[in-house]
Amino acid sequence: MKMRVALVTGAGQGIGEAIALRLAKDGFAVAVADYNIETASQVAEKIKNEGGRALAIKVDVAKRDQVFHAVEEARSALGDFNVIVNNAGVAPSTPIDEITEDVINKVYDVNVKGVIWGMQAAIKAFASEGHGGKIINACSQAGHVGNPELAVYSSSKFAVRGLTQTAARDLAPAGITVNGFCPGIVKTPMWAEIDRQISEAAGKPVGYGTQAFAKRITLGRLSEPEDVAACVAFLAGPDSDYITGQSLLVDGGMVFS
Numbered sequence: 101m102k103m104r105v106a107l108v109t110g111a112g113q114g115i116g117e118a119i120a121l122r123l124a125k126d127g128f129a130v131a132v133a134d135y136n137i138e139t140a141s142q143v144a145e146k147i148k149n150e151g152g153r154a155l156a157i158k159v160d161v162a163k164r165d166q167v168f169h170a171v172e173e174a175r176s177a178l179g180d181f182n183v184i185v186n187n188a189g190v191a192p193s194t195p196i197d198e199i200t201e202d203v204i205n206k207v208y209d210v211n212v213k214g215v216i217w218g219m220q221a222a223i224k225a226f227a228s229e230g231h232g233g234k235i236i237n238a239c240s241q242a243g244h245v246g247n248p249e250l251a252v253y254s255s256s257k258f259a260v261r262g263l264t265q266t267a268a269r270d271l272a273p274a275g276i277t278v279n280g281f282c283p284g285i286v287k288t289p290m291w292a293e294i295d296r297q298i299s300e301a302a303g304k305p306v307g308y309g310t311q312a313f314a315k316r317i318t319l320g321r322l323s324e325p326e327d328v329a330a331c332v333a334f335l336a337g338p339d340s341d342y343i344t345g346q347s348l349l350v351d352g353g354m355v356f357s
């Protein structure tokens with residue numbers, strides 16, 4: 101029997117790495133896709149050292165042709181294609197009065213266009229394999245509630261949530277489910293940079309941003325990447341087969357929907 105195959109973007113570190121490792125543990129052959137091929141290769145090696153199958157692929161998700169090439173490379177090398185996790189993202193701190201065209205383009209090229217290109221490439225791969233599949237998009241708690249200092253990022257994640265709902269309706273006849281996962285504050289390099297930017301803008305020491313946001317977490321702790329990976333593993337597995345169009349919050353209770 102063929103191994104199920106998943107491709108995870110932004111899988112060289114943080115949440116993406118945790119997702120790749122969890123899917124491998126759950127029996128997937130994993131294409132570890134990242135802009136940084138060195139970190140992607142390190143994650144792929146971790147998977148192989150644990151007895152799994154993995155492939156590292158360099159990809160800039162803002163480039164449509166690169167995303168299509170990455171998916172086709174994964175399908176060809178690993179023998180099937182069942183799940184794509186559009187995880188790659190960027191999150192600069194952008195107060196409203198400081199937003200520039202360059203910032204908007206950078207964020208939307210990765211966070212929104214990257215998701216669209218990933219969905220399109222997955223649709224093509226599923227059709228080539230003659231079956232449906234699962235598309236899983238990185239949304240965010242910031243895609244449910246606008247957060248201070250994160251105007252462009254929040255708006256991009258609201259866009260992803262809308263795309264996820266629309267794609268779920270469009271793709272259901274092809275046997276494709278489309279869902280999202282919405283982390284809150286996760287202990288990753290990306291959050292560390294967000295904290296630095298927010299703290300600096302407020303004239304406060306590093307850690308101020310984290311403290312301000314953490315007060316809103318009902319469960320009283322920051323998320324580990326593995327908390328998010330567990331949600332994605334559920335969405336990638338058979339227990340979620342009757343779920344589509346949803347963006348599941350994994351934020352410790354920052355937002356109630």
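Residue numbers (the numbering used here): 101 to 357.
Built from N, CA and C at the ideal position, the CB exists for glycine as well.
Note that this is a predicted model, so its numbers are computed, not measured.
Sequence-distant residues of the same chain with beta carbon closer than 8 Å to residue 357, five excluded per side | For this step, residue 357 is matched to residue 257 along the sequence shown. These residues qualify, in order along the chain: 244, 349.
In chain order, what residues of the same chain lie with their CB nearer than 7 Å to the CB of residue 302, ignoring the 5 residues before and after it?
-> In the sequence shown, the residue the question calls residue 302 occupies position 202. Within the same chain, residue 302 has close Cβ partners 308.
Three-state class that DSSP yields for residue 323 in the structure shown | If you number the sequence shown from 1, residue 323 lands on position 223. Three-state result, residue 323: strand.
Does the beta-carbon distance from residue 298 to residue 233 come in below 9 Å?
-> Position 198 of the sequence shown, counted from the first residue, corresponds to residue 298. Position 133 of the sequence shown, counted from the first residue, corresponds to residue 233. Against a cut-off of 9 Å, the Cβ pair of residue 233 and residue 298 comes out as no contact.
When the Cα of residue 257 is compared with those of 269, 240, 288, 135, which residue comes out closest?
-> Working through the sequence shown from its first residue, we reach residue 257 at position 157. The option with the nearest alpha carbon to residue 257 is 240.
DSSP state of residue 237 mapped onto helix, strand, coil = By 1-based counting over the sequence shown, the position of residue 237 is 137. Three-state result, residue 237: strand.
Which residue comes first and which comes last in the beta strand (DSSP E) that contains residue 186?
-> Start at 1 with the first residue of the sequence shown, and residue 186 comes out as number 86. It spans 183-186 - the beta strand (DSSP E) in which residue 186 sits, taken as one unbroken run.
Can you tell me which of the three DSSP states residue 157 falls into?
-> Stepping through the sequence shown from its first residue, residue 157 is reached at position 57. Residue 157: strand per DSSP, three-state reduction.
Helix, strand or coil for residue 126 per DSSP?
-> For the purposes of this step, residue 126 is identified with residue 26 of the sequence shown, where counting begins at 1. Three-state DSSP puts residue 126 in coil, outside helix and strand.
Contact check, residue 63 vs residue 196, beta carbons under 9 Å | Here the chain covers residues 101 to 357 and nothing more, so residue 63 does not appear.
Exposed unless 16 or more other CB atoms sit within 10 angstroms - verdict on residue 198 | As a working note, residue 198 is residue 98 in the sequence shown. With fewer than 16 other Cβ atoms within 10 Å, it is exposed.
Take residue 169 and list the residues in its own chain whose beta-carbon comes closer than 8 Å to its own, dropping the five residues that flank it on each side.
-> Position 69 of the sequence shown holds residue 169. Excluding positions up to five away in sequence, the list reads 159.
Go ahead and label residue 339 buried or exposed: buried means 16 or more other beta carbons lie within 10 angstroms of its beta carbon, across all protein chains shown.
-> Locating residue 339 in the sequence shown gives position 239, counting from the first residue. Exposed.
C-alpha gap between residue 304 and residue 311, whole angstroms | Within the sequence shown, the letter at position 204 stands for residue 304. Within the sequence shown, the letter at position 211 stands for residue 311. If I take the Cα positions, the gap works out to 11 Å.
Which residues bound the beta strand (DSSP E) around residue 105?
-> Position 5 of the sequence shown, counted from the first residue, corresponds to residue 105. Element bounds for residue 105: 105-109.
Proximity winner among 265, 246, 255, relative to residue 235 (alpha-carbon distances) = Numbered from its first residue, the sequence shown carries residue 235 at position 135. When only C-alpha atoms are compared, the closest one is 265.
Do residue 156 and residue 124 come within 9 Å of each other at the CB atom, strictly closer than that value?
-> Against the sequence shown, residue 124 aligns to sequence position 24. Against the sequence shown, residue 156 aligns to sequence position 56. Not a contact, by the Cβ cut-off of 9 Å.
Enumerate in chain order the residues of its own chain whose CB-to-CB distance from residue 126 is below 7 Å, with the five nearest sequence positions on each side excluded.
-> To locate residue 126, count along the sequence shown from 1; it is residue 26. 333, 337.
Are residue 184 and residue 242 touching if we call contact CB-CB under 9 Å?
-> Numbered from 1 along the sequence shown, position 84 holds the residue referred to as residue 184. Numbered from 1 along the sequence shown, position 142 holds the residue referred to as residue 242. No. Outside cutoff.
Taking 9 Å as the cut-off, decide whether the C-beta atoms of residue 171 and residue 135 are in contact.
-> Reading the sequence shown from its first residue, position 71 is the one you call residue 171. Reading the sequence shown from its first residue, position 35 is the one you call residue 135. No, Cβ-Cβ distance for residue 171 and residue 135 is not below 9 Å.
In angstroms with no decimal places, state the Cα-to-Cα distance between residue 121 and residue 131.
-> Taking the first residue of the sequence shown as 1, we reach residue 121 at position 21. Taking the first residue of the sequence shown as 1, we reach residue 131 at position 31. When rounded, the distance between both Cα atoms is 11 Å.
Inspect the beta-carbon positions of residue 253 and residue 292 and report whether they are closer than 9 Å.
-> In the sequence shown, the residue the question calls residue 253 occupies position 153. In the sequence shown, the residue the question calls residue 292 occupies position 192. Not a contact, by the Cβ cut-off of 9 Å.
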